[in-house]
Ligand SMILES: C[S@@+](CC[C@H](N)C(=O)[O-])C[C@H]1O[C@@H](n2cnc3c(N)ncnc32)[C@H](O)[C@@H]1O
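In this note's numbering, the protein residues as written are 1 to 302.
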């Protein structure tokens, strides 16, 4: 989510003035470090949740002591243990079951006790995971909510996964796109369809899509934030234009991935040919040495 930091996330948080922020999915801490710096500067607290972080949590925790708490767990286990929050960034397990239930946990808390429903950023509400599940740990998703999946890549022109190549072929992607209870955006829409909490939803196309859920109560109480976010209610044609740019970007990435695969195949083919030729040279050198030895022997005996 960090590419959105300067342009949307930080300006929003600065106007929201959260005391506690929750980040779901840290990975290599690219967003975590920005959030932790923000919290230190603002005297706020950051909770980050990730079952498999790819950064040195101990030294990070020392550097941001007093402003950072890490939860090495899955979001659905960790969220209920965090007593309060004003903003939540969801960028963890990109599937319907997880995202829907993350939002349900925030809703349950808001309906039963404080805190009120937080402002929520959600990454990957655009292709490829808007309408298709990804599972970091498929076994942790109840079978009735888990789509059939495979470690195969995706292409925007087809629902089925590709046999080779495509986007994210190393991840567990749902076999089909666009079916019920499938994908991050579907989870957000299904959540909005049933919640009684008045929420606005902004969808900003590009960079795999950023969603923002904003409680109307927050907008009513914070005019500066409301004014800032109003500019992100994009006119239909501007949103369509951004979607077009995103489509070009994705197709260019796919072309680059194809070119890289072709280069890797060609490198392997040339490597094999070089090894073949080295064997031929070795055999010829052996024969040359034998002929030279025979010649020397004949010369010596004549
Ligand atoms: C797309 S990366 C996060 C990127 C990060 N937010 C950034 O801006 O650089 C997704 C991360 O979510 C973590 N993850 C997977 N399942 C999760 C879950 N159920 N709860 C929390 N994090 C999860 C993964 O371990 C991975 O590190």
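We treat Cβ as the ideally placed atom computed from N, Cα and C, and that holds for glycine. Keep in mind that this is a model prediction, so the values were computed, not measured.
Excluding residues up to 5 positions away in sequence, 127 and 156 lie with their Cβ nearer than 7 Å to the Cβ of residue 250 in the same chain. Counting along the chain, residue 289 sits inside the alpha helix (DSSP H) bounded by residues 236 to 301.
Every beta strand (DSSP E) of 3 residues or more that sits fully in the segment 104 to 133 is shown, in chain order, as 119 to 123. Separation of the CB atoms of residue 148 and residue 175 is rounded to 5 Å, and the pair is thereby assigned contact status at 8 Å.
According to DSSP, residue 48 shares a beta bridge with 23 and 70.
With 16 or more other Cβ atoms inside 10 Å of its own Cβ, residue 205 counts as buried. In this structure, DSSP gives residue 150 an extended state, which the three-state scheme calls strand. The beta-bridge partner set that DSSP reports for residue 215 consists of 199. For the segment 166 to 195, the full-length alpha helix (DSSP H) segments reaching 4 residues or more read 184 to 194 along the chain.
A direct Cα-Cα distance of roughly 28 Å separates residue 28 from residue 263.
The closest heavy atom of ligand 1 lies 7 Å or more from the beta carbon of residue 115. Contact between residue 2 and residue 40 does not hold, since their C-beta atoms are separated by about 17 Å, which reaches or exceeds 8 Å. Within its own chain, the residues whose Cβ lies closer than 8 Å to the Cβ of residue 160, once the five positions on either side in sequence are excluded, are 175 and 176, listed in chain order. Here residue 142 has 97 as same chain residues with Cβ atoms under 8 Å from its own Cβ, once five neighbours each way along the sequence are excluded.
Take residue 48, set aside five residues on each side of it, and the residues of its chain with a beta-carbon closer than 6 Å to its own are 23, 26, 32 and 70, in chain order. For residue 136, the distance from the CB to the nearest heavy atom of ligand 1 is below 7 Å. Residue 233 sits close to residue 202, with the two beta carbons spaced by under 8 Å.
Remark: the C-beta of residue 24 is in contact range of ligand 1, defined as less than 7 Å to any heavy atom. Ligand 1 has no heavy atom closer than 7 Å to the beta-carbon of residue 8. Using a Cβ-Cβ distance cut-off of 8 Å, the segment 181 to 197 and the segment 221 to 231 are not in contact, since fewer than three pairs of beta carbons, one from each stretch, lie closer than that value. The DSSP-derived three-state label of residue 101 is helix. Counting only the Cα atoms, residue 259 lies some 45 Å from residue 85. Residue state for residue 210 is assigned as strand, using DSSP reduced to three classes. Spanning the alpha carbons of residue 99 and residue 72 requires a straight line of approximately 18 Å. By the neighbour-count criterion, in which a residue is buried when 16 or more other Cβ atoms sit within 10 angstroms of its Cβ, residue 172 is buried.
Contact between residue 119 and residue 87 holds: their C-beta atoms lie close to 5 Å from each other, under 8 Å. Around the CB of residue 301, fewer than 16 other CB atoms lie within 10 Å, so the residue is classed as exposed. Per the DSSP secondary-structure output, residue 135 pairs in a beta bridge with 172.
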